[in-house]
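> At position 305 of the sequence shown (counting the first as 1) the number is 1405 in the numbering used here, and the numbers step up by one without a gap.
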Amino acid sequence: MAIWTVCEARGSAFRATTYELLSRARQVAAAAGIDSVAVVMGADTALADQLNGQAQQVLCLQGSHLVGGDAGVWSAALASACKPAPPRLVLFADSDRSREVAPALAARLGYAALANGTGLDWDADQFVLTRPVYGGKAYASYGTGDAGCVAVFRPNSFSTEPGDVATTQVRTVAVDPAPSRVRVEALQPRAGGQVPLGEAQVVVCGGRGMKAAENLALLGELAKVLDGAVGVSRAVVDAGWAEHSAQVGKSGKTVSPGLYIVAGVSGAVHHTMGMDTAKVVVAINTDPNAPIFRYADYGVVGNALEVLPALTAALAAQG
Ligand SMILES: Cc1cc2nc3c(=O)[nH]c(=O)nc-3n(C[C@H](O)[C@H](O)[C@H](O)COP(=O)(O)OP(=O)(O)OC[C@H]3O[C@@H](n4cnc5c(N)ncnc54)[C@H](O)[C@@H]3O)c2cc1C
1101 MAIWTVCEAR GSAFRATTYE LLSRARQVAA AAGIDSVAVV MGADTALADQ LNGQAQQVLC
1161 LQGSHLVGGD AGVWSAALAS ACKPAPPRLV LFADSDRSRE VAPALAARLG YAALANGTGL
1221 DWDADQFVLT RPVYGGKAYA SYGTGDAGCV AVFRPNSFST EPGDVATTQV RTVAVDPAPS
1281 RVRVEALQPR AGGQVPLGEA QVVVCGGRGM KAAENLALLG ELAKVLDGAV GVSRAVVDAG
1341 WAEHSAQVGK SGKTVSPGLY IVAGVSGAVH HTMGMDTAKV VVAINTDPNA PIFRYADYGV
1401 VGNALEVLPA LTAALAAQG
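1) So is Ala1323 buried or exposed if we call it buried at 16+ other beta carbons inside 10 Å?
2) Is Leu1159 helix, strand or coil by DSSP?
3) Report the three-state DSSP secondary structure of Thr1230 (helix, strand or coil).
4) Cβ of Val1336 within 7 Å of any heavy atom in ligand 1?
5) Given Gly1142, which residues of its chain have a CB within under 6 Å of its CB, disregarding the five upstream and five downstream residues?
6) Could you pull out every unbroken alpha helix (DSSP H) segment of at least 4 residues lying fully inside the region 1222 to 1305, listed in chain order?
7) Is there a Cβ of chain C sitting closer than 8 Å to that of Gly1399, yes or no?
8) Measuring CA to CA, which of Ala1274, Gln1157, Ala1148 is closest to Asp1135?
9) Within the region 1140 to 1205, note down every full beta strand (DSSP E) run reaching 3 residues or more, in order along the chain.
10) On a CA-only basis, which of Arg1281, Ile1103, Ala1378, Ala1193 is nearest Cys1305? Give me that one, please.
11) Can you determine whether any heavy atom of ligand 1 sits closer than 7 Å to the C-beta of Ser1333, and answer yes or no?
12) I believe Gly1349 touches Ser1366 by the beta-carbon criterion, under 8 Å. Please report the beta-carbon distance rounded to the nearest angstrom.
13) Where Gly1235 and Gly1219 are concerned, what is the direct C-alpha to C-alpha distance, given to the nearest angstrom?
14) What's the call for Glu1120, buried or exposed, on a 16-neighbour Cβ count within 10 Å?
15) Can you find a heavy atom of ligand 1 that lies under 7 Å from the Cβ of Ser1420?
16) Assuming contact is defined by CB atoms lying nearer than 8 Å, are Val1336 and Gly1298 in contact in what I supplied?
17) Skipping 5 residues on each side, what residues in its chain have a beta carbon closer than 8 Å to that of Gly1358?
18) Pull up the distance between the alpha-carbon of Ser1164 and that of Trp1174, whole angstroms please.
19) Excluding five sequence neighbours on each side, which residues of the same chain lie with their C-beta closer than 8 Å to the C-beta of Ala1312?
20) Using a Cβ-based criterion (distance less than 7 Å to any ligand heavy atom), does His1370 qualify as near ligand 1?
21) Using the beta-carbon count (16 or more within 10 Å), is Val1284 buried or exposed?
22) Return the chain-ordered list of same chain residues with a C-beta closer than 8 Å to the C-beta of Pro1187, the five sequence neighbours on each side being excluded.
23) With respect to the beta strand (DSSP E) encompassing Thr1118, which residues constitute its N-terminal and C-terminal limits?
24) Taking 6 Å as the limit between beta carbons, can you name the residues of its chain near Thr1244, skipping five residues before and five after?
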């Protein structure tokens, strides 16, 4: 009986969101009186060492077919590692890979599956998981009862606390899933070293109101000053001005930044579903009745092509 957190690495370090999820797992596991276990795919001891203090145990799953991250192989490996002492919860931070692995693992274990989670608590002797529903208009909380659950959480849902577990036990567990039927030819990091959109603390997002592809540079310039990432609405992607990987919304990425600056976006529900857990929203729109202002903490009625450069210049001047 434990809470497992599957820790996804990017190169030689874990994603920032790994640490926030481990922080919450520690707190909730302590409330439930059980251990928190960090699970690393691959027996990389240098990586495992980075998790010192983050969980009572670190499990490194070792198997020849784990490299490449095929979802079928990962879910089989995790399911076999779970067998001796099935965990109550298996937690993942949202990513393209975890969206594939988590439901497959839930099916193998016969557990419930929850996507898009934003809250995790221990209440009245059960785990309670929360996620937005009805396009972000409401939150639903689900009690696990005695059942196991595999859950995927939005980045930036929890605060990251310093690792405070005194004794971390690192164990390597050999797993031997069948080889992948998918052959990964190469894994290439995204060019430009931009902050990943889904995990960014600041997102500057532009919509059709940016008028032309070349104007999207204004979003990038503001994002650079704020060390943030650039997002766009679907209208921008449909117009061919930006890649789908930058799209925020129902059929794009879900973001949950501390600050969401949104310019020239009307605020259709399909868009707001992807950003409704942003902490502070600043909207820039020429139309004072644009629905996006309903989501905004601060609103600027004005031309994005003028307001964005002015904002960038003012922030850059502050250093
Ligand atoms: C199944 C489905 C899935 C979808 N998924 C997504 C999704 O993932 N993400 C998404 O974004 N949409 C999605 N959509 C589309 C969504 O419904 C909207 O059509 C889209 O979000 C509109 O994009 P927009 O706000 O950029 O453009 P518009 O709705 O055209 O709004 C442009 C806004 O810019 C303002 N504006 C104009 N000029 C300026 C200026 N100079 N300065 C400032 N403001 C200006 C206008 O007042 C207007 O409010 C989906 C739709 C469907 C049916």
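Idealized CB from N, CA, C, for every residue including glycine.
Per the coordinate set shown:
1) The residue you call residue 1323 lines up with position 223 of the sequence shown. It counts as buried.
2) As a working mapping, residue 1159 is identified with position 59 in the sequence shown. Leu1159 carries a strand assignment under DSSP once its states are collapsed to helix, strand and coil.
3) Indexing the sequence shown from 1 puts residue 1230 at position 130. Correct three-state label for Thr1230: strand.
4) Here the question's residue 1336 lines up with position 236 in the sequence shown. It does: the Cβ of Val1336 is within 7 Å (strictly closer) of some heavy atom of ligand 1.
5) As a first step, residue 1142 is located in the sequence shown; it is residue number 42 there, counting from the start. The answer, listed in chain order, is Leu1166.
6) none
7) You won't find chain C in this structure, because it holds only one protein chain.
8) In the sequence shown, the residue the question calls residue 1135 occupies position 35. Closest option to Asp1135, judged by alpha-carbon separation, among Ala1274, Gln1157, Ala1148: Gln1157.
9) 1157 to 1162, 1189 to 1193
10) Locating residue 1305 in the sequence shown gives position 205, where the first residue counts as 1. Minimum Cα distance to Cys1305 is reached at Ala1378.
11) Within the sequence shown, the letter at position 233 stands for residue 1333. Indeed, a heavy atom of ligand 1 lies less than 7 Å from the Cβ.
12) Against the sequence shown, residue 1349 aligns to sequence position 249. Against the sequence shown, residue 1366 aligns to sequence position 266. That pair is no contact at about 12 Å.
13) Here residue 1235 corresponds to residue number 135 of the sequence shown, with the count starting at 1. Here residue 1219 corresponds to residue number 119 of the sequence shown, with the count starting at 1. For Gly1235 and Gly1219, the distance between alpha carbons rounds to 17 Å.
14) On the sequence shown, residue 1120 is found 20 positions in, with the first residue counted as 1. The residue is buried, with at least 16 neighbouring Cβ atoms inside 10 Å.
15) With the chain represented from 1101 up to 1419, any question about residue 1420 goes unanswered, as that position is not in the structure.
16) Sequence index remark: in the sequence shown, residue 1336 carries index 236 (1-based). Sequence index remark: in the sequence shown, residue 1298 carries index 198 (1-based). Val1336 places its beta carbon 8 Å or farther from that of Gly1298.
17) In the sequence shown, counting from the first residue as 1, residue 1358 sits at position 258. So the list reads Asn1256, Gln1301, Val1302, Ala1378, Lys1379, Val1380, once near-sequence residues are dropped.
18) Indexing the sequence shown from 1 puts residue 1164 at position 64. Indexing the sequence shown from 1 puts residue 1174 at position 74. In a straight line, the C-alpha of Ser1164 is about 11 Å away from that of Trp1174.
19) As a position in the sequence shown, residue 1312 is number 212, starting the count at 1. Cβ neighbours of Ala1312 beyond the five flanking positions: Trp1341.
20) The residue labelled residue 1370 in the question sits at position 270 within the sequence shown. Checking the Cβ of His1370 against ligand 1 gives yes.
21) For this step, residue 1284 is matched to residue 184 along the sequence shown. When all chains shown are included, Val1284 counts as exposed.
22) The residue labelled residue 1187 in the question sits at position 87 within the sequence shown. If we look at Pro1187 and ignore the five residues flanking it on each side, its Cβ neighbours are Met1101, Ala1102, Ile1103, Trp1104, Val1137, Gly1248.
23) Working through the sequence shown from its first residue, we reach residue 1118 at position 18. From DSSP, Thr1118 is part of no beta strand (DSSP E) but of the alpha helix (DSSP H) over 1116 to 1132.
24) What you label residue 1244 is simply residue 144 of the sequence shown in a count that begins at 1. Exclusion of the five residues before and after Thr1244 leaves Gln1226, Phe1227 as the residues of its chain whose Cβ lies within less than 6 Å of its Cβ.
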